[in-house]
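The next block holds one structure in the form of structure tokens; read it before the comments.
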Amino acid sequence: MSDQTPFFPVTLVDWLEVCAKVLLIGGAMVGAGWAYFEYLHKEEQQRIEGSLGYVKRFSEGPMLESTNRIDSAWYAYREQLLKLQDSSSEAAYLQRYYQLVMSVVELTPIPAKYGVPTRGIVGDVNAVESFFSELQICVSSGLCNGTAAHAYFDSYAQRFYCLHEPYLSWKAANYSSGYGKDLAKFAARDPLACRRNVSAQPSHQ
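Going by numbering that gives the first Met the number 0, the final residue of the sequence shown carries number 204, and the count climbs one at a time with no gaps.
Next comes the structure, spelled out in structure tokens:
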């Protein structure tokens, strides 16, 4: 007769021991799975909160003042902007559009109600460009929820980029390589996509 230990449990006690071990292992696996789920949920909540932090920052304080000045500056030139569509050729359109954008960004007078009267919205355009560059980095790094960020900001970011593309490209070529690159990436836009596709104001959603 063989004295080897049976592979399968042969007594009730043996069965209970096996069941207890299986339940213990299964419980540990379920617990680990639930802990991992909670970790992922917490991570996603933090990403959403990160995106909402940008929404809050964009909707008040210095950023709101900058976007208001930009809106005000372009509102005064809304008719000239619309007339560009009647240009005789693509080349004529691009030349007139470039001149108009540079004039608005660098020379347009800013009403006194926004503080001491100034000329140009260069600082405000730079502030918005920097904001969206930071947001794109936050999304790319996984610290912000991309779906939430794009749902709120896409419309504004796309209009802003297309409206100011001549200035953004000019500054990138002459002063700061890469300027506007992350903004364009967030807005999913390139210069060619913006041709004859601008609006009078990059107003808030």
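We treat Cβ as the ideally placed atom computed from N, Cα and C, and that holds for glycine.
None of these values were measured; they are calculated from a predicted model.
Inter-residue Cα distance where the pair is residue i and residue j
i, j, result
"Q219", "Q79", "Outside the shown range of the chain (0 to 204) lies residue 219, about which nothing can therefore be said."
"A156", "Y53", "13 Å"
"S132", "P165", "18 Å"
"G119", "P108", "6 Å"
"V124", "A147", "23 Å"
"Y151", "M62", "15 Å"
"A75", "H163", "15 Å"
"R175", "S139", "The residue you asked about is not Arg; residue 175 is Ser in the sequence shown. Going from the Cα of S175 to the Cα of S139 covers about 22 Å."
"F185", "D153", "8 Å"
"C161", "C193", "5 Å"
"L99", "Y92", "10 Å"
"M101", "W169", "9 Å"
"R56", "D70", "18 Å"
"A90", "C137", "38 Å"
"L167", "L81", "21 Å"
First and last residue of the uninterrupted alpha helix (DSSP H) at residue i
i, result
"R158", "145-173"
"G119", "That residue, G119, is in no alpha helix (DSSP H); it is neither H nor E in DSSP."
"G239", "One cannot answer for residue 239 here, as it falls past the ends of the chain, which runs 0 to 204."
"E80", "The amino acid occupying residue 80 in the given sequence is Leu; Glu does not appear at that position. Where L80 is concerned, the enclosing alpha helix (DSSP H) stretches over 77-82."
"D181", "180-186"
"L99", "89-106"
Cβ-based burial, residue i [other Cβ within 10 Å; buried from 16]
i, result
"S58", "exposed"
"D85", "exposed"
"L142", "exposed"
"A34", "In this prediction, A34 has a pLDDT of 48, which is less than 50 and means its spatial position is unreliable; what the coordinates show is noted afterwards. Classification for A34: exposed."
"R68", "buried"
Which listed residue (the options) has its alpha carbon closest to that of residue i
i, options, result
"E128", "W73, K180, N67", "K180"
"H149", "Q135, Y92, S140", "Q135"
"R158", "I47, L63, L182", "L182"
"G49", "A187, L81, V100, N144", "N144"
"T117", "Y97, S65, S87, A91", "S65"
"G60", "L167, C137, A126", "A126"
Rounded Cβ spacing between residue i and residue j (contact assumed at less than 8 Å)
i, j, result
"V103", "W73", "6 Å"
"R95", "L83", "6 Å"
"Y178", "A171", "4 Å"
Any non-hydrogen atom of the ligand PLP within 8 Å of residue i CB
i, result
"Y92", "This structure lacks the ligand PLP, and indeed carries no ligand of any kind."
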